Amino acid sequence: MSVLVATAYMEEAERFDWLVAMNAGEVLATGSAAELKAQTGSQTLEQAFIALLPEAQRQAHRAVVIPPRDSREEEIAIEARGLTMRFGNFVAVDHVNFRIARGEIFRLPRLQRLRQIHHHEDAHRPAARQRR
1 MSVLVATAYM EEAERFDWLV AMNAGEVLAT GSAAELKAQT GSQTLEQAFI ALLPEAQRQA
61 HRAVVIPPRD SREEEIAIEA RGLTMRFGNF VAVDHVNFRI ARGEIFRLPR LQRLRQIHHH
121 EDAHRPAARQ RR
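If you want it as structure tokens, here you go:
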């Protein structure tokens with residue numbers, strides 16, 4: 001079976017069996033991550049992709065440098081202490097503590113996904129099967 005996935009995340013692409021490196025609708029190269037790295041003499045898939053770009057784009061490329069954050073000076077945007085979230089008898093989050101600084105990216109699981117987990121666990125409990 002084949003599945004077509006488009007991603008800009010090289011760490012994710014590294015796990016695929018076969019890749020098509022494209023830029024602006026043009027196919028640059030195809031093969032496994034190891035083959036693309038070997039073809040370009042690169043250590044990472046990101047370096048291989050950059051090496052495959054047309055000369056003008058390759059010359060214009062600049063690495064993104066993100067300086068480390070100083071956690072001592074960060075303004076806290078969201079803080080939770082002892083957070084618990086229940087759906088009936090299912091405990092999705094149990095006494096969790098966290099702090100999120102302004103500008104930090106934080107993702108909570110979707111409520112729908114938590115319900116799916118809850119229903120999946122219910123389906124595997126003998127008492128739950130008898131109730132249905």
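Each residue of the sequence shown is one higher than the last, beginning at 1 in my numbering.
Using N, Cα and C, we set each Cβ at its ideal position, and we do this for glycine too.
None of these values were measured; they are calculated from a predicted model.
For residue i, which residues in the same chain have their Cβ closer than 7 Å to its Cβ, ignoring the five residues on either side in sequence?
i: Asn23; result: Leu53
i: Phe98; result: Ala80
i: Pro67; result: none
Thinking residue i and residue j are a contact (beta carbons under 8 Å), I'd like their distance in whole angstroms, please.
i: Ala29; j: Gln39; result: 6 Å
i: Ala48; j: Lys37; result: 5 Å
Can you give me the start and stop residues for the beta strand (DSSP E) that residue i sits inside?
i: Ala101; result: 90-101
i: Ile76; result: 76-87
i: Met22; result: 19-23
Given a cut-off of 7 Å, decide if residue j and residue i are closer than it, judged by their beta-carbon atoms.
i: Leu45; j: Ala33; result: yes
i: Glu75; j: Arg102; result: yes
At what residues does the alpha helix (DSSP H) containing residue i begin and finish?
i: Thr40; result: 33-40
i: Ala13; result: 10-13
Report the three-state DSSP secondary structure of residue i (helix, strand or coil).
i: Glu55; result: helix
i: Ala63; result: coil
i: Ala29; result: strand
i: Thr7; result: coil
i: Gln43; result: coil
i: Phe106; result: coil
i: Arg72; result: helix
i: Phe188; result: In this structure the chain extends from 1 to 132, so residue 188 is not present and cannot be described.
Below 8 Å CB to CB, which residues in the same chain sit around residue i once its five sequence neighbours on both sides are set aside?
i: Leu83; result: Val93, His95, Val96, Asn97, Phe98
i: Met10; result: Thr44, Leu45, Glu46, Phe49
i: Arg58; result: Ile50, Ala51
Take residue i and list the residues in its own chain whose beta-carbon comes closer than 6 Å to its own, dropping the five residues that flank it on each side.
i: Ile100; result: Ala77, Ile78, Phe106
i: Thr7; result: Ala13
i: Ala51; result: Thr40, Ser42
Any heavy atom of the ligand HEM closer than 6 Å to the Cβ of residue i?
i: Val27; result: This structure does not include the ligand HEM; it has no bound ligands of any sort.
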